[in-house]
Amino acid sequence: PRSGGEADIVLMSSVISACEKANQWALAVHWLGELQFRGLEPIVITCSAVVSAFETNKKWLEMVSLLDYMLAAGIEPNVVTYSAMASVYEKSLNWECSLGVFLDLRLCGVQPNQVTYGAVLSSLVSAVPLEKRQLWWRALLLLGGMRRARAEPSLIARSAAVSSCEGS
9 PRSGGEADIV LMSSVISACE KANQWALAVH WLGELQFRGL EPIVITCSAV
59 VSAFETNKKW LEMVSLLDYM LAAGIEPNVV TYSAMASVYE KSLNWECSLG
109 VFLDLRLCGV QPNQVTYGAV LSSLVSAVPL EKRQLWWRAL LLLGGMRRAR
159 AEPSLIARSA AVSSCEGS
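For this note's numbering, count along the sequence shown from 1 and bump the result up by 8.
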């Protein structure tokens, strides 16, 4: 059996995850605040669900604030958190930050997954044509890194890599 606090964290994490799936990022933030109000410390899964809610709604500024909170609270982001962060930046057409998230992930010793690679590769496609001409080699490096990590490139990742090479 779970202790009251642990059960509350699991329940709140489920509520936050439901908010994320219902595209209700503001409610996800509300319930995260409620968790803190009750004196409970969120866990990485809880925070990752909020980051995912931000991803759907392109709320990258809010995501940065949450990441700052996580780090200050000693909550280590995991691959789900980093992947959602890369996706937020990709959806916000910010390839520089998406690539930065990938580099941070690697520096922290977290192994990227297909979602992470796909988001970063897709973000390179969104670069303006002048930048895209200078980014094709990064896309190929990412694709090669994906294979070395034994993460089978998805069709989306392969298409993004090819698209980033167009016009180079």
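Each residue gets a CB set at the ideal place from its N, CA and C atoms; glycine is no exception.
Alpha carbon to alpha carbon, how far is Glu-174 from Leu-43? Give it in angstroms, no decimals.
Leu-43 and Glu-174: Cα-Cα distance of roughly 47 Å.
Please specify which runs of the alpha helix (DSSP H), each continuous and at least 4 residues long, are wholly inside the segment 54 to 105, giving them in chain order.
68 to 80 and 87 to 99
Using the Cα positions of Lys-66 and Val-109, report the straight-line distance between them to the nearest angstrom.
15 Å
Look at the Cβ atom of Val-87, then the Cβ atom of Asn-121, and state whether they are nearer than 9 Å.
Yes, the pair counts as a contact, with Cβ atoms nearer than the cut-off.
When we look at the beta-carbon of Arg-10 and count the other beta-carbons within 10 Å, is it buried (16 or more) or exposed?
Interpretation of Arg-10 is limited by its pLDDT of 48, a score under 50 that renders its predicted location unreliable; no figure is taken from the coordinates.
Among residues of its own chain, excluding the 5 on either side of Val-59, which ones have a beta-carbon nearer than 7 Å to its beta-carbon?
Met-71, Leu-74, Thr-89, Ala-92 and Met-93
So, is Glu-84 buried or exposed, given that buried needs 16 or more other C-beta atoms within 10 angstroms?
exposed
Among residues of its own chain, excluding the 5 on either side of Ala-135, which ones have a beta-carbon nearer than 8 Å to its beta-carbon?
Trp-103, Leu-143 and Ser-172
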